[in-house]
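Read the structure below first, then the notes.
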Amino acid sequence: MKKYFFFTIILFCISSGNSQTKVGYINLKAIMGRLTEAQDVQRQFDAITQQWQDSLQEMQADWQKKFEDYDKKKLVMTDQTRSEKEKELQDLEKSIMDFRNKKFSPTGELYTKQNELMKPIQNKVFKVLREIADEDNYDYVFDKSGDILLLYSREKYDLTEKVLEKMQKYGK
């Protein structure tokens with residue numbers, strides 16, 4: 002729904018202007034899926050992800066085994082031994098959580114690695130896109146593969162400075 006509303010606004014703005022505005026779109030996901038370089042990077046990324054998932058599963062299996070062992074023997078353990086085993090399980094659980102957060106959280110190594118590996122390829126695609134947009138006189142280019150994303154626009158449509166100037170006037 003949001004996409005259609007956004008496109009309606011764009012089309013309204015385009016049709017109400019005096020000059021011809023040229024709009025294009027790409028499917029970035031399809032482009033990245035067909036580039037050999039991007040496929041190689043994706044395989045690299047998938048291998049790293051699998052290693053980390055395997056490590057996490059190993060840690061979880063170790064915790065499960067230790068917990069089951071503790072659960073079977075806890076009735077015959079001394080208070081001190083039970084307390085030590087519980088602390089060991091808590092520490093192991095904390096290290097599992099830390100590992101999961103370090104690798105798979107939104108700010109974790111997984112996303113950092115993905116950005117590190119894919120960014121150079123995306124930059125090449127955007128460079129080619131800018132060249133095509135300039136050569137063929139496109140005013141706007143959108144990516145239709147996910148949420149609508151403006152990838153290119155001509156500088157003459159940038160209102161940033163005007164908004165800042167007006168904001169400064171209102172601020173006085």
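Numbering follows our numbering, in which position 8 of the sequence shown is assigned residue number 9; successive positions increment by one, without gaps.
Here a beta-carbon is modelled for each residue, glycine too, at the ideal position from N, C-alpha and C.
The beta-carbon separation of Val142 and Tyr158, rounded to 12 Å, does not stay under the 8 Å limit for a contact.
Collapsing the DSSP output to three states places Ser96 in a helix.
For the region 45-114, not one full-length beta strand (DSSP E) segment reaches 3 residues or more. As far as DSSP is concerned, Phe127 takes part in no beta bridge.
Taking C-beta atoms as the reference points, Tyr26 and Lys145 count as a pair closer than 8 Å.
The alpha-carbon of Asp137 is positioned some 10 Å away from that of Leu130. The region 107-118 and the region 38-49 touch, with no fewer than 3 CB-CB distances between them shorter than 8 Å. With respect to the C-alpha of Gly109, the residue from Thr50, Gln21, Ile32 having the closest C-alpha is Thr50. When DSSP states are grouped into helix, strand and coil, Gly25 belongs to the strand group. Taken through DSSP and simplified to helix, strand or coil, Leu165 comes out as helix. Looking only at Lys167, Asp148, Val164, Asp140, the smallest Cα-Cα distance to Arg155 is reached by Asp140. Shown here for Ala134: same chain residues with a beta carbon closer than 6 Å to its own, the five before and five after excluded, namely Val142, Tyr153 in chain order.
Shown here for Lys86: same chain residues with a beta carbon closer than 6 Å to its own, the five before and five after excluded, namely Tyr71 in chain order. Inter-residue distance for Glu59 and Phe105 is about 16 Å (C-alpha atoms, whole angstroms).
In this structure, the straight-line span from the alpha carbon of Val77 to that of Trp53 is close to 37 Å. Distance from Lys114 to Phe46 at the Cβ level is roughly 7 Å; contact confirmed, criterion being Cβ atoms closer than 8 Å. DSSP places Leu118 within a helical segment (H, G or I) once states are collapsed to three.
Within its own chain, the residues whose Cβ lies closer than 8 Å to the Cβ of Asp63, once the five positions on either side in sequence are excluded, are Leu93, listed in chain order.
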